[in-house]
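Protein chains in written order, with the working numbering: chain A, 1 to 144; chain B, 1001 to 1144. Where a beta carbon is used, it is the ideal one built from N, C-alpha and C, also for glycine.
Protein chains: 2
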Amino acid sequence: MPVRMARSAKKHSSDCPVAHGTDTFGDRWTLLVLRDMILHGKRRYGDFLESEEKIATNILADRLCHLENEGLIEKARDPDNRRSYIYTLTRKGLDLTPVILEIIRWSGRYKSMNKRRRDLIHRIETDRAALIADIYRREGVPQS
Amino acid sequence: MPVRMARSAKKHSSDCPVAHGTDTFGDRWTLLVLRDMILHGKRRYGDFLESEEKIATNILADRLCHLENEGLIEKARDPDNRRSYIYTLTRKGLDLTPVILEIIRWSGRYKSMNKRRRDLIHRIETDRAALIADIYRREGVPQS
DNA sequence: ATATATACTTGCAAATTGCAAGTTAAAGGC
DNA sequence: GCCTTTAACTTGCAATTTGCAAGTATATAT
Chain A
1 MPVRMARSAK
11 KHSSDCPVAH
21 GTDTFGDRWT
31 LLVLRDMILH
41 GKRRYGDFLE
51 SEEKIATNIL
61 ADRLCHLENE
71 GLIEKARDPD
81 NRRSYIYTLT
91 RKGLDLTPVI
101 LEIIRWSGRY
111 KSMNKRRRDL
121 IHRIETDRAA
131 LIADIYRREG
141 VPQS
Chain B
1001 MPVRMARSAK
1011 KHSSDCPVAH
1021 GTDTFGDRWT
1031 LLVLRDMILH
1041 GKRRYGDFLE
1051 SEEKIATNIL
1061 ADRLCHLENE
1071 GLIEKARDPD
1081 NRRSYIYTLT
1091 RKGLDLTPVI
1101 LEIIRWSGRY
1111 KSMNKRRRDL
1121 IHRIETDRAA
1131 LIADIYRREG
1141 VPQS
């Protein structure tokens, strides 16, 4: 049950689909949390804190709550450890995979990358459907 | 010549390609300016101000400067009206088209839309390459 | 000459961010 | 059972960013 009145309650009050996107994940942090989940399979508060960009604890709590309010993720207790929670992507959240992949492709054109990332970009460009299928499968969500 | 020390000079100092994306256009307004240019062919300060979301004049000036600093747009005097400027997309900016289109597709799945927008989404899904080609052609930029 | 158009800049209050420290509740160790 | 540690937050507060309203600068129109 999402409780906190989530972040930047500011919305554009426009019915443009791009504005709907920026209302949902258009801030400095939200998309990075989604990246951690979609690309790296992260599921715990502590996992997100460890990411390279060093999100602050209060911002992370706020964004997780926001994502839950927006229906992109779900929060559940960890059955194996009652002081921990597990965040999982909903279908709606997972459906942002193509957006993330296109951002990666764009960066790949204009920014130098290490081999691992170049390989990922290569896979996006040559094997995209299977890559997406793998991600959906890992999350246990059936594809369209 | 970009002069002003652009907005949120804050960057994630991460070499993740997604973080590079959010550093470049991950705020409430930048992507909407790009949308206006990519989807609606807008080119002038006053055009951007008229968009449905009502960006403030100072924020718009700041974001245009930021986009120019990042090499996504270029600013030039209007040869026909010396009190006006024309902003144009660079290849780098135009290459964000697939990102914008995927955001639109995602919104199309989770938000109701009018017929014009549903038609655009239909075209994205059935005729994507030609749609992108049209946009590049309109901007006079050769495709990859 | 005067008015209008275009593209900004400035001032300032309000909202958001980010750091550091504190809190709560559940394990784990002895 | 008691103390320590772990995991997930919350709180306080300074600094940064946003957003509104008003002002400025330069070019064109009448």
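Sixteen is the threshold: when 16 or more other Cβ atoms of the shown chains lie within 10 Å of the Cβ of B:HIS1066, as they do, the residue is buried. For B:GLU1125, the CB contacts under 8 Å within the same chain, skipping 5 residues up- and downstream, are ARG1105 in chain order. By the neighbour-count criterion, in which a residue is buried when 16 or more other Cβ atoms sit within 10 angstroms of its Cβ, A:ALA129 is exposed. When DSSP states are grouped into helix, strand and coil, A:ILE73 belongs to the strand group. The beta carbon of A:ALA130 sits no closer than 9 Å to any beta carbon of chain B.
CA-to-CA, the gap between A:LEU34 and A:PHE25 works out to about 9 Å. Around the beta carbon of A:HIS122, fewer than 16 other beta carbons sit within 10 angstroms, so the residue counts as exposed. Annotation: B:ARG1083 is outside any alpha helix (DSSP H); the continuous beta strand (DSSP E) that includes it extends over 1081-1089.
Interface flag for B:ASP1027 against chain A is set, since a Cβ pair is found closer than 9 Å. Relative to A:TYR136, the option among A:VAL18, A:THR57, A:TYR85, A:PRO98 whose CA is nearest is A:PRO98. For the stretch 1019-1046 of chain B, the set of positions with a beta-carbon nearer than 9 Å to some beta-carbon of chain A reads ALA1019, HIS1020, GLY1021, THR1022, ASP1023, THR1024, PHE1025, GLY1026, ASP1027, ARG1028, TRP1029, THR1030, LEU1031, LEU1032, LEU1034, ARG1035, LEU1039 in chain order. Residue-level contact by beta carbon holds for A:ILE121 and chain B, with a gap shorter than 9 Å. When C-beta distances to chain B are compared with 9 Å, the residues of the stretch 102-114 of chain A below that value are GLU102, ILE103, ILE104, ARG105, TRP106, SER107, GLY108, ARG109, TYR110, LYS111, SER112, MET113, ASN114, in chain order. A:LEU96 has a beta carbon lying within less than 9 Å of a beta carbon in chain B. Assignment of beta-bridge partners to B:ASP1078 by DSSP yields B:ASN1081. Rounded to the nearest angstrom, the gap between the Cα atoms of A:THR22 and B:LEU1060 is 16 Å. Shown here, B:LYS1092 sits in a helix according to DSSP, grouped into three states.
Nearest C-alpha to A:ASN58 among A:TRP29, A:ASP80, A:ILE38: A:TRP29.
For B:GLU1050, no alpha helix (DSSP H) segment is defined, and its DSSP state is neither H nor E.
Distances from the CA of B:ILE1103 to each of A:TYR45, A:ARG44, A:ASN114, A:LEU31 were compared; the closest alpha carbon is that of A:LEU31. At least 9 Å separates the CB of A:GLU74 from every CB of chain B.
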